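Using the UniProt record's numbering, you'd call the opening residue of the sequence shown number 1 and step up by one each time.
Don't be surprised by glycine CBs; every beta carbon is placed ideally from N, CA and C.
Only a predicted model underlies this, so the values are computations on that prediction, with no experimental measurement involved.
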Amino acid sequence: AGEGLFNESILKDSEGMVIEKDTACGDLPFIQHTKTLSTITPNGNNEYTITYDIVVENIGGAEGTYGLKDDPSFEDDITILDASYTTTSGVPTVALYPTDAVWTLASGVNLGAGVSHSYTVSVDVKIDLSAGSTGDNTYTACGSTATSKEFAAGEGLFNESILTDLNGLEIERDTACGDLPYITHAKTLSSITDLGDNTFSVLYEIEVKNLGGAVSSYTLEDAGSFEDDITIIDGGYSSPEIGAYAFTGNPFPLTITSGNTIAAGATETYQLQVKVAIDLTDGQVGDDVYTACGETSTTTEYYAGEGLFNESILKDSEGMVIEKDTACGDLPFIQHTKTLSTITPNGNNEYTITYDIVVENIGGAEGTYGLKDDPSFEDDITILDASYTTTSGVPTVALYPTDAVWTLASGVNLGAGASHSYTVSVDVKIDLSAGSTGDNTYTACGSTATSKEFAAGEGLFNESILTDLNGLEIERDTACGDLPYIVHTKVASNRTQIDRDEYTIEYTILVENKGGANGVYGLNDQPGFDDDIEIQSVSYTTDAGVTPNILSAGDAVWNLSQDVNLGIGQTHIYTLTVDILYNLEEGSSGDNVYTECSSQTGTDTFTKGEGLFNESVLLDLNEFEIDRDTACIDLLAALGDTVFVDINGNGIQDPTEPGLEGVEVKLNGTVNGNPITEQTAFTDVNGFYEFIGLEPGDYVVTFPTSADINGLSGTLTDDDATGGNTDGTDTNEDSDADQTTGETETYTLSYGEFEPRADAGYYVPASIGDTVFVDVNGNG
Numbered sequence: 001a002g003e004g005l006f007n008e009s010i011l012k013d014s015e016g017m018v019i020e021k022d023t024a025c026g027d028l029p030f031i032q033h034t035k036t037l038s039t040i041t042p043n044g045n046n047e048y049t050i051t052y053d054i055v056v057e058n059i060g061g062a063e064g065t066y067g068l069k070d071d072p073s074f075e076d077d078i079t080i081l082d083a084s085y086t087t088t089s090g091v092p093t094v095a096l097y098p099t100d101a102v103w104t105l106a107s108g109v110n111l112g113a114g115v116s117h118s119y120t121v122s123v124d125v126k127i128d129l130s131a132g133s134t135g136d137n138t139y140t141a142c143g144s145t146a147t148s149k150e151f152a153a154g155e156g157l158f159n160e161s162i163l164t165d166l167n168g169l170e171i172e173r174d175t176a177c178g179d180l181p182y183i184t185h186a187k188t189l190s191s192i193t194d195l196g197d198n199t200f201s202v203l204y205e206i207e208v209k210n211l212g213g214a215v216s217s218y219t220l221e222d223a224g225s226f227e228d229d230i231t232i233i234d235g236g237y238s239s240p241e242i243g244a245y246a247f248t249g250n251p252f253p254l255t256i257t258s259g260n261t262i263a264a265g266a267t268e269t270y271q272l273q274v275k276v277a278i279d280l281t282d283g284q285v286g287d288d289v290y291t292a293c294g295e296t297s298t299t300t301e302y303y304a305g306e307g308l309f310n311e312s313i314l315k316d317s318e319g320m321v322i323e324k325d326t327a328c329g330d331l332p333f334i335q336h337t338k339t340l341s342t343i344t345p346n347g348n349n350e351y352t353i354t355y356d357i358v359v360e361n362i363g364g365a366e367g368t369y370g371l372k373d374d375p376s377f378e379d380d381i382t383i384l385d386a387s388y389t390t391t392s393g394v395p396t397v398a399l400y401p402t403d404a405v406w407t408l409a410s411g412v413n414l415g416a417g418a419s420h421s422y423t424v425s426v427d428v429k430i431d432l433s434a435g436s437t438g439d440n441t442y443t444a445c446g447s448t449a450t451s452k453e454f455a456a457g458e459g460l461f462n463e464s465i466l467t468d469l470n471g472l473e474i475e476r477d478t479a480c481g482d483l484p485y486i487v488h489t490k491v492a493s494n495r496t497q498i499d500r501d502e503y504t505i506e507y508t509i510l511v512e513n514k515g516g517a518n519g520v521y522g523l524n525d526q527p528g529f530d531d532d533i534e535i536q537s538v539s540y541t542t543d544a545g546v547t548p549n550i551l552s553a554g555d556a557v558w559n560l561s562q563d564v565n566l567g568i569g570q571t572h573i574y575t576l577t578v579d580i581l582y583n584l585e586e587g588s589s590g591d592n593v594y595t596e597c598s599s600q601t602g603t604d605t606f607t608k609g610e611g612l613f614n615e616s617v618l619l620d621l622n623e624f625e626i627d628r629d630t631a632c633i634d635l636l637a638a639l640g641d642t643v644f645v646d647i648n649g650n651g652i653q654d655p656t657e658p659g660l661e662g663v664e665v666k667l668n669g670t671v672n673g674n675p676i677t678e679q680t681a682f683t684d685v686n687g688f689y690e691f692i693g694l695e696p697g698d699y700v701v702t703f704p705t706s707a708d709i710n711g712l713s714g715t716l717t718d719d720d721a722t723g724g725n726t727d728g729t730d731t732n733e734d735s736d737a738d739q740t741t742g743e744t745e746t747y748t749l750s751y752g753e754f755e756p757r758a759d760a761g762y763y764v765p766a767s768i769g770d771t772v773f774v775d776v777n778g779n780g
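So, in structure tokens, the structure goes:
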């Protein structure tokens, strides 16, 4: 009794007495099973191999028959990739399909009393909580929703096995559940801070989260693969979990943390800061062509070698890659070029200079810049006015000539690939004349520079300064050009008096380029003589390489040259020859009054209408006046006039009294208080003599006291014979010499004056008598 299906039959007689007993006994099978989740093995990329062990055992007393099914009802963010199983039952396995709801592992399998069969189910899964993936993207852990049971379907790696009998009827179920970690990370480029001078501080943040249901460990690596024109200077990384670390130079590839444990539901944040410099102009680092984020991709992804491309690599506890994430940002690279575009002459040695400045962003991100302009011209060049235009869209501001530096832009945004143009217009004047501003010696572009092409203080040296959003300097660029400085000087170089009223005058004009650039000029000449002077002819010569023009005496302006090239430091000489007649006689042209040079101003300046006033006008290539110069020289004085035979001895040359030829006349006097060298003249056939080319001064004429008159000795007429030669008719015909000394009175002569009163008459004194005799007969 008490064994199996023990059963005893008892046979009794009619009296109820036991005749006999007989027994029968049989055993029953009792098949049960247990299920455990044995291992969770990471395979990387959030994939795992899960093994469940199922043991089916017959603890009954007889062989039994069973079936076994497996129902993986995983969390809806876990996807079955593959499945298989092994068994000790001796029954061939069958394929398990990931898409099947229930896997049949065994059916109609005999299991002896006290015997057990083992099943090992292996399931490859992937967990994905990313947005848009299968499931609700929120992990449901084992036991988190179950109420009556320990675990529930839809939790973690919930798996339920079903044991059936030989008829396929369910005997029992057993469950196993385990949780997976889901460590993910997100990388962002948080900020790019402009430090100036094309250096930037770049901050990346990496947030590591365990969204799964199990604690795990991870390794975080970082690989920066920047655009090849970007250089890493230094940086560091930190988090509360690991502390802070610094590096110098390029640290990549970089292991930020290794084997770091993270609890389910925890978040850990890392910061990676990198200081970088970008240079697209050095010709050394990189190819000097910026490759922006996404430029080489046909999708929205970024690739190594683009911008500030940075990739973080998240690995699981076994060192298998879970995932990678990238962040990329672009840097601006704003540069500028400056050129001197035009030099336009405005006349009077004034010019308008235009400089063109192009600011361009050849980087991959919008940048902010400022722009200054520093005109450090040669010290003989004065700024008269300045202004500018721009395509930046920012309103222009006034530029003041006295400011050392002009601010053209500040805090202006410039998009990647965009450019802004600035045109700076400066009106200047160059003056190398003595006493003007500067040292009066032109310093040409490049003449003093040593380490650079140009230097401040040379020519039209102008430097632009590009600054960043903080006003820190990024770069400078210079432009320089030179100005010609063509000047001329004019002098009256020669004055030849041919006769008392006839002169040949020479003016010399020296044209010189004292500037730093070849120039072009024209030259006009404008005579403005005293109105008693008449021009007879005019001509000129020059070494300027041009054919002299034919000049007309009657023209108000004489054009000597036009569009003549004059190299740096070269000179051209013009010699202008003018023949004139001079007439102060009453009724002649003019006012009959000679006006000396400077007599109208009382200074060293000359005015038109004075003496032999002449003005030259220097022109530029546009025929604007550059400058003027004047020269003035006065006509000399002269003195004369006649020695005659004063037949009647009255001191006046009467119409019938001829001139006396061959009389030696001497001239003495003082100029500015200094005695002159005695001059001598002889009278001509008409008795005329003259002394010409006399400077203003006091003069005395000396005649001989006697002269030969047809073989007879002539005597000077007494200058008092007619009451001092003032007979009231014509003093020019009076004899003016003292009879005893032969000297005239003192004549004070001025420029242009002719003194015609120095006359002398000679006569033969009358003789009285004949013969004294003895008048013998007394008849008389």
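query = Secondary structure at ASN462, three-state DSSP: helix, strand or coil?
reply = Reading the sequence shown from its first residue, position 462 is the one you call residue 462. DSSP places ASN462 in strand when its eight states are reduced to three.
query = Around the Cβ of LYS35, are there at least 16 other Cβ atoms within 10 angstroms (buried) or fewer (exposed)?
reply = Counting from one through the sequence shown, the residue named residue 35 turns up at place 35. LYS35 comes out buried.
ask   = Does DSSP classify PRO253 as helix, strand or coil?
value = Counted from its first residue, the sequence shown places residue 253 at position 253. In this structure, PRO253 counts as coil in the three-state DSSP scheme.
query = Quick one: what's GLY236 bridged to in DSSP?
reply = As a position in the sequence shown, residue 236 is number 236, starting the count at 1. In the DSSP output, where bridge partners are listed per residue, GLY236 has ALA246 and GLN273.
inquiry  = At the level of alpha carbons, what is the spacing between residue 784 and THR595?
reply    = Because the chain in this structure spans residues 1 to 780, residue 784 falls outside the shown range and cannot be described.
Extent of the continuous beta strand (DSSP E) run through ARG173 = Translated into the one-based positions of the sequence shown, residue 173 becomes position 173. Counting along the chain, the beta strand (DSSP E) containing ARG173 begins and ends at 170 to 176.
ask   = Which whole-angstrom value describes the C-beta separation of THR390 and THR396, a residue pair presumed to lie in contact below a C-beta threshold of 8 angstroms?
value = Reading the sequence shown from its first residue, position 390 is the one you call residue 390. Reading the sequence shown from its first residue, position 396 is the one you call residue 396. Contact holds; Cβ gap of about 6 angstroms.
query = According to DSSP, what are the bridge partners of ALA638?
reply = Taking the first residue of the sequence shown as 1, we reach residue 638 at position 638. Answer is PHE754.
query = Between the C-alpha atoms of GLU657 and ALA556, what's the straight-line distance to the nearest angstrom?
reply = For the purposes of this step, residue 657 is identified with residue 657 of the sequence shown, where counting begins at 1. For the purposes of this step, residue 556 is identified with residue 556 of the sequence shown, where counting begins at 1. C-alpha separation (whole angstroms): 47 angstroms.
key: Beta-carbon spacing of GLY693, LEU636 below 7 angstroms   = The count along the sequence shown starts at 1 and reaches residue 693 at position 693. The count along the sequence shown starts at 1 and reaches residue 636 at position 636. Contact flag set, yes.
message = Using 8 angstroms for Cβ pairs, my map puts GLY611 next to ILE633. What's the rounded Cβ distance?
response = Position 611 of the sequence shown, counted from the first residue, corresponds to residue 611. Position 633 of the sequence shown, counted from the first residue, corresponds to residue 633. Indeed, because the Cβ distance is near 6 angstroms, the residues count as touching under 8 angstroms.
task = Report the option in CYS328, GLY459 and SER297 whose CA atom is closest to the CA atom of LYS187.
result = Taking the first residue of the sequence shown as 1, we reach residue 187 at position 187. Cα-wise, what sits closest to LYS187 is CYS328.
ask   = For ALA386, does the three-state DSSP call read helix, strand or coil?
value = Numbered from its first residue, the sequence shown carries residue 386 at position 386. It is a strand residue.
Whole-angstrom C-beta distance between PRO72 and ASN159, which should lie under 8 angstroms = Numbered from its first residue, the sequence shown carries residue 159 at position 159. Numbered from its first residue, the sequence shown carries residue 72 at position 72. Yes, ASN159 and PRO72 are in contact; Cβ-Cβ is about 5 angstroms, under 8 angstroms.
inquiry  = Please report the distance separating the alpha-carbon of ILE19 from that of ALA1.
reply    = Walking along the sequence shown from the start, residue 19 turns up at place 19. Walking along the sequence shown from the start, residue 1 turns up at place 1. So the two alpha carbons sit approximately 20 angstroms from each other.
request  = Could you spell out where the beta strand (DSSP E) holding THR342 opens and where it closes?
outcome  = Here residue 342 corresponds to residue number 342 of the sequence shown, with the count starting at 1. That run of the beta strand (DSSP E) goes 334 to 347.
N-terminal and C-terminal residue of the beta strand (DSSP E) that GLU534 is part of = For the purposes of this step, residue 534 is taken as residue 534 along the sequence shown, with counting starting at 1. 533 to 542 is the span of the beta strand (DSSP E), which, as asked, contains GLU534.
key: Option nearest THR339 by Cα separation, candidates ASN167, SER464, ALA304 and GLU311   = The sequence position of residue 339 within the sequence shown is 339, counting from 1. Cα-wise, what sits closest to THR339 is SER464.
request  = On the DSSP bridge assignment, give the partners of LYS187 in chain order.
outcome  = Counting from 1 along the sequence shown, the entry for residue 187 is found at position 187. BP columns for LYS187 point to ILE206.
ask   = Touch check for the stretch 80 to 98 and the stretch 119 to 128: three-plus C-beta pairs under 8 angstroms?
value = yes
ask   = What's the gap between the Cα of SER713 and the Cα of THR746?
value = Within the sequence shown, residue 713 is the residue found at index 713, counting from 1. Within the sequence shown, residue 746 is the residue found at index 746, counting from 1. Cα-Cα distance, rounded: 27 angstroms.
request  = Establish whether the CB of ALA277 and some CB of chain D are separated by less than 7 angstroms.
outcome  = Here chain D cannot be found, since the structure has a single protein chain.
query = Since THR642 contacts VAL663 with CB under 8 angstroms, what's their CB separation in whole angstroms?
reply = Position 642 of the sequence shown, counting from 1, holds the residue named residue 642. Position 663 of the sequence shown, counting from 1, holds the residue named residue 663. That pair is no contact at about 10 angstroms.
task = Note down the Cα distance separating ILE580 from ASP734, rounded to an integer number of angstroms.
result = Position 580 of the sequence shown, counted from the start, is the residue given in the question as residue 580. Position 734 of the sequence shown, counted from the start, is the residue given in the question as residue 734. Spanning the two alpha carbons is a distance of roughly 31 angstroms.
message = Taking the alpha carbon of ASP468 as the reference point, which residue from SER421, ASP282 and ASP194 has its own alpha carbon closest?
response = Here residue 468 refers to the residue found at position 468 when the sequence shown is read from its first residue. Selected option, being the one with the closest Cα: ASP194.
query = With burial defined as no fewer than 16 other Cβ atoms inside 10 Å of the residue's Cβ, what is the status of MET17: buried or exposed?
reply = In the sequence shown, residue 17 corresponds to position 17, counting from 1. Classification of MET17: exposed, given that the 10 Å Cβ count is below 16.
inquiry  = Would residue 782 and SER9 qualify as a contact pair, given that the criterion is a beta-carbon distance under 7 angstroms?
reply    = Shown here, the chain extends from 1 to 780; a query on residue 782 therefore has no answer.
ask   = Just how far apart, CA to CA, sit VAL405 and ASN198?
value = As a position in the sequence shown, residue 405 is number 405, starting the count at 1. As a position in the sequence shown, residue 198 is number 198, starting the count at 1. VAL405 and ASN198: Cα-Cα distance of roughly 23 angstroms.
request  = Just confirm the distance between the C-beta atoms of SER317 and SER217, as a whole number of angstroms; I'd bet it's less than 8 angstroms.
outcome  = Start at 1 with the first residue of the sequence shown, and residue 317 comes out as number 317. Start at 1 with the first residue of the sequence shown, and residue 217 comes out as number 217. Right, their Cβ atoms sit about 4 angstroms apart.
task = State yes or no: is the C-beta of SER118 nearer than 6 angstroms to some heavy atom of the ligand MG?
result = The model depicted lacks the ligand MG and carries no ligand whatsoever.
query = Would you call the CB atoms of GLY236 and GLN273 closer than 7 angstroms?
reply = Here residue 236 corresponds to residue number 236 of the sequence shown, with the count starting at 1. Here residue 273 corresponds to residue number 273 of the sequence shown, with the count starting at 1. Closer than 7 angstroms, so yes.
task = For VAL360, name the three-state secondary structure that DSSP assigns.
result = Reading the sequence shown from its first residue, position 360 is the one you call residue 360. Residue identity differs from the one stated: residue 360 is Glu in this sequence, not Val. Residue state, collapsed to three classes: strand.
request  = Just mark ASP604 as buried or exposed, buried being the case when its beta carbon has 16 or more other beta carbons within 10 Å.
outcome  = Mapped onto the sequence shown, residue 604 falls at position 604. With fewer than 16 Cβ atoms within 10 Å of its Cβ, ASP604 is classed as exposed.
task = Less than 8 angstroms between the CB atoms is what I'm expecting for VAL749 and LEU639, so what's the real figure, rounded?
result = Taking the first residue of the sequence shown as position 1, residue 749 is located at position 749. Taking the first residue of the sequence shown as position 1, residue 639 is located at position 639. The sequence given here places Leu at residue 749; Val does not occur at that position. With 8 angstroms as the limit, LEU749 and LEU639 qualify as a contact, their Cβ atoms being about 7 angstroms apart.
inquiry  = According to DSSP, simplified to helix, strand and coil, what is ILE550?
reply    = Translated into the one-based positions of the sequence shown, residue 550 becomes position 550. ILE550 falls in the coil class under three-state DSSP.
message = Tell me the rounded alpha-carbon separation between TYR521 and ALA434.
response = Taking the sequence shown and counting its residues from 1, one reaches residue 521 at position 521. Taking the sequence shown and counting its residues from 1, one reaches residue 434 at position 434. So the alpha carbons of these two residues sit roughly 22 angstroms apart.
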